[in-house]
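Enquirer: Pasting a structure here, questions to come.
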Amino acid sequence: MYFAGMTMNTCKLINATALPPYDLGANHPFARDRQKPLFDLLNRMKLVTPEELFVPPETTDEDLALGHESDYIEIVKKISVEDPDIEDIREAQRYGFNSGDNPISPNLHTSAGAAVGGTLGCVRAVMKGEAKHAFNPAGGLHHAMPRSASGFCVYNDLVIGIREAKRIAGDTLRVLYVDVDVHHGDGVQFAFYEDPTVLTISFHEDPRYLFPGTGLINEVGGGKGIGACVNVPLAPGTGDDSWIHCIEKVLNPLARRFKPDLIVSQHGCDTHREDPLAHLHVTTKAMHEAARLVHHLANDLCQGRWVAAGGGGYRPYHVIPRAWSLVWMEMSGRKVPDGIDAGWIEKWQKETEDPLPTKFYDAFSSSYEEKAAARANEKTFMELKALIGIG
Numbered sequence: 007m008y009f010a011g012m013t014m015n016t017c018k019l020i021n022a023t024a025l026p027p028y029d030l031g032a033n034h035p036f037a038r039d040r041q042k043p044l045f046d047l048l049n050r051m052k053l054v055t056p057e058e059l060f061v062p063p064e065t066t067d068e069d070l071a072l073g074h075e076s077d078y079i080e081i082v083k084k085i086s087v088e089d090p091d092i093e094d095i096r097e098a099q100r101y102g103f104n105s106g107d108n109p110i111s112p113n114l115h116t117s118a119g120a121a122v123g124g125t126l127g128c129v130r131a132v133m134k135g136e137a138k139h140a141f142n143p144a145g146g147l148h149h150a151m152p153r154s155a156s157g158f159c160v161y162n163d164l165v166i167g168i169r170e171a172k173r174i175a176g177d178t179l180r181v182l183y184v185d186v187d188v189h190h191g192d193g194v195q196f197a198f199y200e201d202p203t204v205l206t207i208s209f210h211e212d213p214r215y216l217f218p219g220t221g222l223i224n225e226v227g228g229g230k231g232i233g234a235c236v237n238v239p240l241a242p243g244t245g246d247d248s249w250i251h252c253i254e255k256v257l258n259p260l261a262r263r264f265k266p267d268l269i270v271s272q273h274g275c276d277t278h279r280e281d282p283l284a285h286l287h288v289t290t291k292a293m294h295e296a297a298r299l300v301h302h303l304a305n306d307l308c309q310g311r312w313v314a315a316g317g318g319g320y321r322p323y324h325v326i327p328r329a330w331s332l333v334w335m336e337m338s339g340r341k342v343p344d345g346i347d348a349g350w351i352e353k354w355q356k357e358t359e360d361p362l363p364t365k366f367y368d369a370f371s372s373s374y375e376e377k378a379a380a381r382a383n384e385k386t387f388m389e390l391k392a393l394i395g396i397g
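Numbering (the working numbering), first residue to last: 7 to 397.
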């Protein structure tokens with residue numbers, strides 16, 4: 007297996023505000039400007055330097071073909087114009103478009119392609135030894151399938167990124183994919199379901215209560231990939247302690263047994279207790295802890311090679327800026343500040359009625375619902391433990 011030199015201590019962050027906005031419409035939950043408050047916070051608080059920021063080159067059709075069929079890429083192009091042909095709109099419905107989740111909008115191909123380019127830029131920097139870790143907050147679009155859009159996701163940057171890493175280093179490259187979004191990472195699981203060199207581990211809300219309806223513990227891979235797919239469905243109401251307990255107790259032994267050459271992680275922050283589209287009770291402190299667990303494993307197991315992506319999250323002012331700042335701070339070795347810049351709060355408070363938080367970490371709280379969820383999760387963990395042979 008070939009790696010281009012030793013990884014440096016440098017960390018790289020995709021400048022997502024320099025990418026075309028991923029715009030699914032003014033009233034869509036996936037806010038088109040979700041990156042602006044994040045990068046304004048990072049810049050105001052001097053949590054990133056110009057040397058750490060970079061903008062990747064444009065994504066090519068050849069890049070997209072690592073994860074998608076040519077007919078799908080072509081229909082995305084056709085509906086991405088200002089006034090698409092009615093026949094193209096009808097055809098696009100066969101590919102998952104024109105629904106509430108995946109509306110047709112101008113520049114869709116360019117903006118979704120740019121999100122892919124961000125993750126490809128991170129993968130190339132890490133695999134070629136130009137950076138130790140790299141983070142694309144505009145990525146993490148884990149639901150897109152080879153021939154269909156799904157769950158707000160048009161192109162699957164994570165699948166494409168993993169395949170690009172294998173193109174660079176060889177098909178035997180062992181990749182650990184970790185997904186802590188509240189929704190199951192179905193698109194990535196589907197892509198590598200029969201591949202023993204890619205271990206996919208997804209921690210998500212129980213699919214009996216939440217989209218996409220997949221991710222039960224009995225989905226363990228197929229063919230030569232049996233055992234290389236792990237799902238941890240969590241009960242609604244899951245709080246910090248149970249969430250982190252499950253991640254640590256499953257991720258740590260499986261990662262060490264698998265011995266990856268690269269870790270790719272998705273840090274959707276729709277697990278947050280305030281998120282309007284799901285039912286977990288996780289706080290930003292636990293999200294930071296999850297990133298720390300992944301970071302330690304990358305340093306211990308694969309010379310630090312770690313690519314992280316954003317993902318879901320539907321509180322663009324209250325949660326996303328803090329959650330992904332914490333991922334970046336963990337990745338780049340920065341200390342968490344005591345409070346959030348007052349100028350940032352003053353600027354972005356104008357965009358929302360609810361008071362903005364003044365600290366990166368939420369105040370801890372516990373409830374009966376969280377305790378009941380913890381009991382349910384412990385039962386699930388014991389079943390999973392027996393199934394996959396850990397502990």
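All C-beta atoms, glycine included, are put in the ideal place defined by N, C-alpha and C.
(1) With a threshold of 7 Å on Cβ separation, who are the neighbours of E97 within its own chain once the five nearest residues in sequence on each side are excluded?
(2) Reducing DSSP to helix, strand and coil, say where L48 ends up.
(3) The alpha helix (DSSP H) with S76 in it runs from where to where?
(4) Which whole runs of the alpha helix (DSSP H) in the stretch 123–211 are 4 residues long or more, in chain order?
(5) Between which two residues does the alpha helix (DSSP H) containing S248 stretch?
(6) Pop quiz: H210 and P239 are said to be a contact at Cβ under 8 Å. What is the actual Cβ separation, rounded to whole angstroms?
(7) If you count every other CB in all the chains shown that lies within 10 Å of the CB of P62, and 16 or more means buried, which is it?
(8) May I have the straight-line CA-CA distance separating Y253 from A296, to the nearest angstrom?
(9) In this structure, does DSSP put F370 in helix, strand or coil?
(10) Closest to H190 by C-alpha separation, out of G219, I250, P109, would be which residue?
(11) Comparing C-alpha positions only, which one of P213, E200, S248 sits nearest to G228?
(12) Start and end of the beta strand (DSSP E) containing P18?
(13) Can you round the beta-carbon distance between M335 and C17 to whole angstroms, since I take them to be within the 8 Å contact cut?
(14) Starting from the C-beta of E93, find all residues in its chain whose C-beta is less than 8 Å away, skip the five residues before and the five after it, and write them out in chain order.
(15) What number of angstroms, rounded off, separates the C-alpha of I351 from the C-alpha of L19?
(16) Exposed or buried, R130, counting other C-beta atoms within 10 Å across all chains shown (16 or more means buried)?
(17) Name, in chain order, the residues that DSSP records as bridge partners for S271.
(18) Measuring CA to CA, which of A380, V188, A150, D276 is closest to H251?
Expert: In this structure, then:
(1) Same-chain partners within the cutoff: I81.
(2) L48 falls in the helix class under three-state DSSP.
(3) Residues 76–84.
(4) Listed in chain order, they are 163–175, 192–197.
(5) Taken as a continuous stretch (DSSP letters only), the alpha helix (DSSP H) holding S248 covers 246–264.
(6) Indeed they touch by this definition, with Cβ atoms about 6 Å apart.
(7) Classified as buried, P62 has 16 or more neighbouring CB atoms from the shown chains inside 10 Å of its CB.
(8) Just to set this straight, residue 253 is Ile in the shown sequence, not Tyr. It is roughly 7 Å from the alpha-carbon of I253 to the alpha-carbon of A296.
(9) When DSSP states are grouped into helix, strand and coil, F370 belongs to the coil group.
(10) For the set G219, I250, P109, the Cα lying nearest the Cα of H190 is the one of G219.
(11) Answer by Cα proximity: E200.
(12) Correcting the residue identity first, residue 18 is Lys in this sequence and not Pro. Unbroken beta strand (DSSP E) run through K18: 17–20.
(13) That pair is no contact at about 10 Å.
(14) Within the same chain, E93 has no close Cβ partners at all.
(15) Distance between the alpha carbons of I351 and L19 is about 23 Å.
(16) Counting Cβ neighbours within 10 Å, R130 comes out buried, since at least 16 surround it.
(17) DSSP lists V184, A314 as the beta-bridge partner residues of S271.
(18) Measuring from the Cα of H251, the nearest candidate turns out to be A380.
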